[in-house]
Ligand SMILES: Nc1nc2c(ncn2[C@@H]2O[C@H](COP(=O)(O)OP(=O)(O)O)[C@@H](O)[C@H]2O)c(=O)[nH]1
Ligand SMILES: [Mg+2]
Ligand SMILES: [Zn+2]
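Now the structure itself:
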């Protein structure tokens with residue numbers, strides 16, 4: 041039943057921009073948490089709208105992600121519905137998990153059950169370093185270790201360049217300090233399964249289950265799929281996301297860049313360079329990176345992986361560049377081998393004297409792009 045309170049649709053908030061943050065996405069629905077100002081001025085009970093995306097956004101290829109700041113049109117306060125008309129520019133963007141505007145990553149590991157595994161921890165740390173988003177390392181289940189054992193880990197990880205926060209969801213150890221770090225920020229919880237990420241969120245947000253149950257049936261259905269991400273609101277302000285799909289990150293990076301993701305090793309590079317610009321620090325002449333550090337073995341293994349990854353993506357790029365996507369009149373897409381223009385084109389004398397300007401006028405887009413690559417434009 042609609043309650044037609046006079047003035048409801050003429051309130052100033054319907055004229056000015058209504059903004060919010062996307063906290064969950066499922067199929068074509070976006071669950072948007074309204075900004076404080078609107079909530080207070082309009083209806084203190086109404087904190088979220090279930091929104092669709094304007095067709096115009098779809099046409100221009102504008103995606104909407106969890107974490108996006110959006111503008112909403114035509115809000116329907118009775119049914120808690122609306123339409124997203126605009127997505128504000130993203131400050132950061134993660135693809136796995138798909139989250140926009142994340143301000144920090146909370147890496148959660150357990151000290152025991154499962155035992156802290158240095159290789160796995162190292163892999164997550166390197167992955168986190170490669171995102172350029174600041175992160176915090178949190179070691180949970182401190183209740184299962186003696187303080188001496190905790191100290192041993194602390195000293196070991198300090199040598200890696202990290203200062204972990206020891207916590208226990210069970211005994212509340214360190215949770216106050218953690219809350220301070222999460223306040224008024226968007227934080228992504230990441231880490232292997234079983235370390236206590238969900239327990240931690242439940243502990244930080246006592247009524248989180250209730251919040252989850254408020255989601256519509258459509259959103260509810262997708263909750264347990266691995267790709268689903270949802271932002272939960274902390275009582276102190278700030279949003280956090282649990283990420284079931286971020287278990288074994290793969291390390292995709294430019295191999296010479298990998299060393300920058302090891303804080304304990306990159307220091308010498310600030311003072312001076314290796315002889316070779318693309319040095320991989322595996323005993324090349326005049327390399328400034330020392331090999332006597334605990335994680336050097338991790339570095340070498342991850343490096344092999346990064347090199348292999350790069351080769352695979354190179355092969356894929358090569359394949360793409362020899363095939364051309366064509367569209368039949370029926371609309372069906374298919375690939376056709378490209379003519380290797382350089383090989384098959386008869387070269388004239390004039391062409392040999394062609395200048396750049398003529399090249400720009402006569403060449404296909406692909407050739408121009410290749411030229412761009414060659415010239416490092
Ligand atoms: N001893 C102990 N167990 C914990 C702690 N936090 C979580 N657990 C347990 O660890 C298990 C996995 O927790 P869960 O939150 O599902 O981990 P997730 O997979 O990372 O979300 C559960 O049985 C929790 O009760 C803790 O601080 N101490
Ligand atoms: Mg979980
Ligand atoms: Zn080197």
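In our numbering, the protein residues as written are 41 to 417.
We treat Cβ as the ideally placed atom computed from N, Cα and C, and that holds for glycine.
CB of residue i within 8 Å of CB of residue j, strictly
{"i": "residue 376", "j": "residue 368", "result": "no"}
{"i": "residue 205", "j": "residue 214", "result": "yes"}
{"i": "residue 73", "j": "residue 273", "result": "yes"}
{"i": "residue 278", "j": "residue 317", "result": "no"}
{"i": "residue 293", "j": "residue 162", "result": "no"}
{"i": "residue 281", "j": "residue 229", "result": "yes"}
{"i": "residue 320", "j": "residue 296", "result": "yes"}
{"i": "residue 153", "j": "residue 181", "result": "yes"}
{"i": "residue 145", "j": "residue 173", "result": "yes"}
{"i": "residue 304", "j": "residue 333", "result": "yes"}
{"i": "residue 357", "j": "residue 291", "result": "no"}
{"i": "residue 122", "j": "residue 113", "result": "yes"}
{"i": "residue 148", "j": "residue 216", "result": "no"}
{"i": "residue 164", "j": "residue 289", "result": "yes"}
{"i": "residue 120", "j": "residue 151", "result": "no"}
{"i": "residue 298", "j": "residue 339", "result": "yes"}
8 Å Cβ cutoff, residue i in contact with chain B
{"i": "residue 240", "result": "Judged by its chain identifiers, the structure shown contains no chain B, having just a single protein chain."}
Residue i: CB within 7 Å of a non-hydrogen atom of ligand 3
{"i": "residue 329", "result": "yes"}
{"i": "residue 198", "result": "no"}
{"i": "residue 324", "result": "yes"}
{"i": "residue 314", "result": "yes"}
{"i": "residue 293", "result": "no"}
{"i": "residue 319", "result": "yes"}
Sequence-distant residues of its chain with Cβ nearer than 6 Å to residue i (five each side left out)
{"i": "residue 159", "result": "none"}
{"i": "residue 59", "result": "75, 111"}
{"i": "residue 243", "result": "209"}
{"i": "residue 240", "result": "209"}
{"i": "residue 234", "result": "154"}
{"i": "residue 167", "result": "289"}
{"i": "residue 385", "result": "Only weak support exists for where residue 385 lies, its pLDDT of 49 falling under 50; the coordinates are left without a value."}
Any non-hydrogen atom of ligand 2 closer than 7 Å to residue i Cβ
{"i": "residue 237", "result": "yes"}
{"i": "residue 282", "result": "yes"}
{"i": "residue 243", "result": "no"}
{"i": "residue 353", "result": "no"}
{"i": "residue 233", "result": "yes"}
Counterpart residues of residue i in DSSP-defined beta bridges
{"i": "residue 59", "result": "111"}
{"i": "residue 363", "result": "377"}
{"i": "residue 134", "result": "139"}
{"i": "residue 88", "result": "73"}
{"i": "residue 122", "result": "91"}
{"i": "residue 282", "result": "270"}
{"i": "residue 227", "result": "144, 280"}
{"i": "residue 178", "result": "148, 205"}
{"i": "residue 357", "result": "According to DSSP, residue 357 bridges with nothing at all."}
{"i": "residue 116", "result": "121"}
{"i": "residue 66", "result": "69"}
{"i": "residue 127", "result": "110"}
Cβ shell of residue i (< 7 Å), same chain only, five flanking positions each side left out
{"i": "residue 275", "result": "245"}
{"i": "residue 264", "result": "Unreliable positioning characterises residue 264 in this predicted model, as indicated by a pLDDT of 47, which lies under 50. The coordinate reading is nonetheless provided below. For residue 264, where only same-chain residues beyond five positions count, there are no Cβ hits under 7 Å."}
{"i": "residue 218", "result": "178, 205, 207"}
{"i": "residue 211", "result": "183"}
{"i": "residue 258", "result": "Per-residue confidence for residue 258 stands at a pLDDT of 47, beneath the threshold of 50, marking its modelled position as unreliable; no derived number is given."}
{"i": "residue 306", "result": "299, 300"}
{"i": "residue 13", "result": "With the chain covering 41 to 417 only, the question about residue 13 has no answer from this structure."}
Own chain partners of residue i with C-beta closer than 8 Å, once the 5 adjacent residues on each side are dropped
{"i": "residue 104", "result": "62, 65, 70, 93, 97, 110, 124, 127"}
{"i": "residue 363", "result": "375, 376, 377, 378"}
{"i": "residue 142", "result": "107, 132, 134, 173, 226, 227, 228, 281"}
{"i": "residue 387", "result": "Any reading at residue 387 must be qualified, since the residue scores a pLDDT of 46, below 50, and its modelled position is unreliable; no value is offered."}
{"i": "residue 322", "result": "340, 343"}
Contact test: residue i Cβ vs ligand 1 heavy atom, cutoff 7 Å
{"i": "residue 210", "result": "yes"}
{"i": "residue 184", "result": "yes"}
{"i": "residue 135", "result": "no"}
{"i": "residue 98", "result": "no"}
{"i": "residue 181", "result": "yes"}
With contact counted as at least three CB pairs below 8 Å, one residue from each stretch, are the segment 306-318 and the segment 132-152 in contact? Result no; under three Cβ-Cβ pairs closer than 8 Å.
Report yes or no: do the segment 323-330 and the segment 193-203 share at least 3 C-beta pairs separated by less than 8 Å? The answer is no - the segment 193-203 does not touch the segment 323-330, with fewer than three Cβ pairs under 8 Å.
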